[in-house]
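So the protein lines, in turn, are chains G and F.
Note that our numbering has the first sequence beginning at 0, numbered continuously upward.
Note that our numbering has the second sequence beginning at 23, numbered continuously upward.
A virtual CB, placed ideally from N, CA and C, is assigned to each residue, including glycine.
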Amino acid sequence: MAATGNVERIVVVGTGECGARVARELRERGFAGAITMIGDEPHTTYERPPLSKSALISDEISPVEVLPVARLAEFDVELMSGTAVESLDRDRMLAVLSDGGEVPYDRLLLATGARARTLPIAGGEFALTLRTIDDARALRAQLGPGRSVTVIGAGLIGLEVAASARQLGCDVTVLEVAPRALGRALPAEMADVLVKRHAEEGVEVLCGVLPTGISRLDGGLAVGVEGFDQPITADVVIAGIGVTPNVELAQAAGLRCENGIAVNDRLRTDDPAIFAAGDCCSFPHPLYGGRRIRLESWRNAHDQAAVAAANMLDGDEQHAAVPWFWSDQYDLGLQHAGLADEAASAVVRDSGNGSQIRFALALDGRLVAASGVGPGTSTAKDIRVAEMLIAAGNRPDPEVVADASVPLKELIKS
Amino acid sequence: MSNWTRACGTDDIDNEDVIPVAIDGHDYAVYRSPDDDYFATDGHCTHEAFLLAEGLVMDNIIECPKHNGRFDYTTGEGKGAPICEDLRTYPVKVEGGSVYIDLG
């Protein structure tokens with residue numbers, strides 16, 4: 000079971016952003032052995048972020064490939080799509096497939112991702128969810144001018160879907176059980192900017208409301224809400240209430256799972272031959288006191304893939320990247336770097352032209368998080384600088400941070 | 023055949039920065055390096071076509087403002103994932119306080 004120094008066969012379970020990036024990274028690091036990517040989706044590798052945003056408002060959803068098929072061939076990666084890994088035989092170092100086939104590995108990466116949570120209420124099965132390109136196509140087919148849409152969950156996916164549905168001419172209502180939107184993702188002031196924009200577009204975001212059930216009504220759907228006399232009727236109901244990490248394969252193989260497949264800061268599981276990366280894993284983050292976290296973002300999948308690839312080839316890289324995500328709603332772009340839970344004070348930088356950034360400082364003055372919202376990518380440069388400052392444990396002068404006439408970049412150099 | 027076209031003034035770009043320039047409906051990104059040399063590339067990232075000029079310039083690298091794809095803007099070379107295609111560059115000359123691009 001113990002890993003040997005001689006790595007000739009690498010198996011990647013999962014064909015999403017993380018899996019595909021690992022395959023590329025392995026080749027770019029000079030790995031010449033066999034790479035097999037196995038995933039149960041019947042598609043080539045594709046990017047998920049556009050599915051709730053730009054792709055959803057296009058007439059026909061075409062995949063943005065992470066690794067174009069020609070690249071897969073060039074990198075000599077064997078892609079087994081539409082194939083589930085049923086179990087892991089860790090003693091014999093084999094991935095056992097649903098059709099009974101066995102794929103031997105010297106190193107194995109679990110990049111199994113996560114799946115959309117379904118609504119735990121009566122009729123919850125009537126609500127669509129969005130995770131895969133097939134989900135997006137099924138949802139797109141339901142959207143159009145005059146269609147009424149109820150989105151359950153005012154998180155990032157819920158609000159992105161709400162914005163896209165509105166842009167397609169739907170009448171949209173968003174229901175959130177928590178007291179405010181984006182409670183898990185963003186400080187209240189930034190969430191308010193987005194919610195206000197939804198209101199301007201005619202999308203109602205109702206917080207503190209509890210859906211109790213969904214039933215069919217006159218060819219559409221009715222969402223019962225606690226304390227409402229009448230149900231909310233809609234042609235389409237979508238649930239965006241978070242994801243569950245796909246840990247079952249690891250769990251069945253006896254690997255430790257704690258809110259995700261537990262790995263160390265090298266992304267290695269307790270089995271030295273098996274690694275995990277992306278949405279499916281939880282890891283200790285050195286920038287935040289070694290606290291175990293799990294991130295669900297494109298960028299994390301991307302960053303961890305590079306570290307996992309290096310360490311599967313017997314490297315010794317620590318994963319310490321600053322958490323980062325973005326969202327697009329209407330013409331507004333949001334970018335966020337860091338984790339805000341240590342935040343003790345906030346500094347706002349108003350960049351004009353509708354862009355603002357909110358910086359969160361810890362008690363000791365360290366910059367721990369920054370969120371920017373504005374048209375398109377207008378805050379990107381500053382959020383990127385903030386990310387570097389967070390990574391460096393920088394304690395920036397709040398007056399400089401607040402002064403939009405001083406380029407933030409100066410702080411890196413000082 | 024060269025086709026030199028004025029893109030901007032030399033002072034329109036800060037040191038180690040980039041600005042967007044549109045000429046005849048085509049977007050370019052024009053860079054000023056830390057050594058005050060000027061460079062020009064296509065304006066859109068080769069990954070998902072976001073405008074590069076809102077990205078961060080560090081030394082000879084421009085980072086896409088959306089997905090952090092990196093290019094060496096002096097050569098157009100893509101620096102790893104998610105970039106699969108290099109960026110087109112254009113010859114640049116500086117004359118009388120103006121930056122000219124050879125659109126070819």
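Rounded C-beta distance between residue i and residue j? I'm assuming under 8 Å.
i	j	result
Met311 (chain G)	Phe274 (chain G)	6 Å
Ile382 (chain G)	Leu366 (chain G)	Contact doesn't hold; Cβ gap of about 12 Å is too wide.
Val65 (chain G)	Glu40 (chain G)	Not confirmed; about 12 Å, so no contact.
Gln334 (chain G)	Gly371 (chain G)	5 Å
His89 (chain F)	Glu70 (chain F)	7 Å
Asp264 (chain G)	Pro285 (chain G)	6 Å
Gly447 (chain G)	Ile240 (chain G)	Nothing in the structure corresponds to residue 447 (chain G), since chain G is present only between 0 and 413.
Thr268 (chain G)	Leu248 (chain G)	Thr268 (chain G) to Leu248 (chain G), Cβ: 12 Å. No contact.
Glu188 (chain G)	Arg357 (chain G)	6 Å
Ala305 (chain G)	Leu338 (chain G)	Not confirmed; about 20 Å, so no contact.
Ile84 (chain F)	Tyr112 (chain F)	Actually they are not in contact, since the Cβ atoms of Ile84 (chain F) and Tyr112 (chain F) sit about 14 Å apart, beyond 8 Å.
Ala184 (chain G)	Leu155 (chain G)	6 Å
Would you check if the distance between the CB atom of residue i and the CB atom of residue j is smaller than 7 Å?
i	j	result
Thr172 (chain G)	Thr149 (chain G)	yes
Tyr95 (chain F)	Thr63 (chain F)	yes
Ser51 (chain G)	Glu159 (chain G)	yes
Ala342 (chain G)	Gln303 (chain G)	no
Ala300 (chain G)	Glu16 (chain G)	yes
Thr211 (chain G)	Ala221 (chain G)	no
Val95 (chain G)	Glu85 (chain G)	yes
Ala403 (chain G)	Ser350 (chain G)	yes
Trp323 (chain G)	Ala336 (chain G)	yes
Val204 (chain G)	His197 (chain G)	yes
Gly65 (chain F)	Leu73 (chain F)	yes
Asp234 (chain G)	Ser147 (chain G)	yes
Ile60 (chain G)	Arg136 (chain G)	yes
Met79 (chain G)	Ile132 (chain G)	no
Glu386 (chain G)	Val321 (chain G)	yes
Val194 (chain G)	Leu108 (chain G)	no
Gly126 (chain F)	Asn25 (chain F)	yes
Gly259 (chain G)	Pro244 (chain G)	yes
Arg165 (chain G)	Val192 (chain G)	no
Ile123 (chain F)	Ala29 (chain F)	yes
How long is the line joining the alpha carbons of residue i and residue j, rounded to whole angstroms?
i	j	result
Ala401 (chain G)	Leu181 (chain G)	24 Å
Ala1 (chain G)	Ala252 (chain G)	Unreliable positioning characterises Ala1 (chain G) in this predicted model, as indicated by a pLDDT of 38, which lies under 50. The coordinate reading is nonetheless provided below. Ala1 (chain G) and Ala252 (chain G): Cα-Cα distance of roughly 15 Å.
Leu294 (chain G)	Lys115 (chain F)	46 Å
Val10 (chain G)	Val246 (chain G)	17 Å
Gly373 (chain G)	Thr27 (chain F)	32 Å
Ile120 (chain G)	Ala31 (chain G)	50 Å
Thr376 (chain G)	Glu76 (chain F)	6 Å
Val68 (chain G)	Ile105 (chain F)	15 Å
Pro271 (chain G)	Arg8 (chain G)	15 Å
Val102 (chain G)	Val6 (chain G)	15 Å
Pro178 (chain G)	Pro56 (chain F)	48 Å
Leu55 (chain G)	Ala115 (chain G)	17 Å
Asp36 (chain F)	Ala51 (chain F)	13 Å
Phe93 (chain F)	Arg110 (chain F)	10 Å
Thr17 (chain F)	Gly18 (chain G)	Past the edges of chain F, shown from 23 to 126, lies residue 17 (chain F), and the structure says nothing about it.
Leu142 (chain G)	Gly157 (chain G)	15 Å
Ser344 (chain G)	Gly122 (chain G)	43 Å
Cys280 (chain G)	Trp297 (chain G)	14 Å
Tyr60 (chain F)	Asn82 (chain F)	11 Å
Val63 (chain G)	Asp313 (chain G)	32 Å
Thr14 (chain G)	Ala110 (chain G)	8 Å
Leu138 (chain G)	Arg291 (chain G)	34 Å
Phe74 (chain G)	Ser120 (chain F)	44 Å
Gly102 (chain F)	Gly91 (chain F)	7 Å
Leu216 (chain G)	Pro87 (chain F)	46 Å
Gln229 (chain G)	Gly223 (chain G)	7 Å
Arg394 (chain G)	Leu410 (chain G)	10 Å
Ala319 (chain G)	Pro144 (chain G)	45 Å
Val399 (chain G)	Asp33 (chain F)	24 Å
Asp58 (chain G)	Leu93 (chain G)	43 Å
Glu107 (chain F)	Met23 (chain F)	25 Å
Pro406 (chain G)	Asp39 (chain F)	11 Å
Gly31 (chain F)	Gly332 (chain G)	30 Å
Val384 (chain G)	Ala359 (chain G)	14 Å
Ala83 (chain G)	Ser97 (chain G)	6 Å
I want to verify the contact list: residues of chain C whose CB lies under 9 Å from the CB of residue i, in sequence order.
i	result
Ser377 (chain G)	In the structure shown, chain C cannot be found, because the protein chains are G and F.
For the segment 68–130 of chain G, which segments carrying the beta strand (DSSP E) assignment without a break, of at least 3 residues, lie completely within its bounds, in sequence order?
-> 76–80, 84–88, 93–96, 101–103, 106–109 and 113–115
Curious, which full-length beta strand (DSSP E) runs of at least 3 residues does the segment 122–208 of chain G contain?
-> 147–151, 170–175 and 203–206
Any chance you could list the beta strand (DSSP E) runs of at least 3 consecutive residues sitting entirely within the segment 64–104 of chain F, in chain order?
-> 83–85 and 92–94
In chain order, each alpha helix (DSSP H) run of at least 4 residues that lies wholly inside the segment 215–266 of chain G = The segment 215–266 of chain G contains these whole alpha helix (DSSP H) runs: 247–251.
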